[in-house]
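Just so you know, the sequence shown maps onto residues 106 to 268 in our numbering.
Every residue, glycine too, gets a C-beta built ideally from N, C-alpha and C.
As the structure is a prediction and not an experimental result, all values here were calculated from the model.
What follows is a short report on a single structure.
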Amino acid sequence: MTASRPGEPGGRPGERGDLLDPRCPTRQLLNRIGTKWTSMVVKVLAEEAPDELRFAELRRRIPGISQKMLSVTLRSLARDGLVARRVEHTVPPSVHYQLTGLGLSLEVPLSALRVWAETHMQEIDGNNRLAEESAPACPDRTGGQSVVTTTTGQVDGHHLQNE
């Protein structure tokens, strides 16, 4: 009997290919970089690579990001080794950021995701509009409208009866 390699059937859980396992590297990476702010920071820094950008310039180039959110995002990226941070000890201090080699390598899959989104989001938005237009309205507890689809005859533990 031959031992299986990680990622193959019989491999150790969480090593490859099992997004349902919290130890899966892909799942861990998506948890870290799956925010819109992270992808925007990587994009802006990749456009400038190998040059650095100051914090204020990054903030100007990313619409809608708050100072706190940019700081949290950059700190997380630096902790993961995706971004290098350099402080100039001036008055006031000047902080510069640039992607590391590891961070630059992340730009490739993010670009592929961007291409996929640009190709398919119109179709996804259209599907959402069709679903909203064709769904029967069912009042919810808040007075708004919600859609209920069930194959079990139960919603929230309550049996549904045909009237």
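To the nearest angstrom, report how far apart Val200 and Asp126 are at their CA atoms.
Position 95 of the sequence shown, counted from the start, is the residue given in the question as residue 200. Position 21 of the sequence shown, counted from the start, is the residue given in the question as residue 126. Computed Cα separation, rounded: 38 Å.
Please work out which residues of its chain come closer than 6 Å, Cβ to Cβ, to Val196, disregarding the five sequence neighbours upstream and downstream, and give them in chain order.
By one-based count along the sequence shown, residue 196 stands at place 91. Excluding sequence neighbours, Val196 sits near nothing in its chain.
Alpha helix (DSSP H) runs contained entirely in the stretch 167 to 233, provided each spans 4 or more residues:
172 to 184
Quick check on Ile229: buried or exposed, where buried means 16 or more other Cβ atoms within 10 Å of its Cβ?
Position 124 of the sequence shown holds residue 229. So Ile229 ends up on the exposed side.
So for Arg159, helix, strand or coil by DSSP?
Position 54 of the sequence shown holds residue 159. Strand at Arg159.
Three or more C-beta pairs under 8 Å: does that hold for the stretch 139 to 149 against the stretch 161 to 181?
yes
Span separating the alpha-carbon of Trp221 from that of Gln227:
On the sequence shown, position 116 is the one that residue 221 refers to. On the sequence shown, position 122 is the one that residue 227 refers to. Cα to Cα, the separation comes out at about 11 Å.
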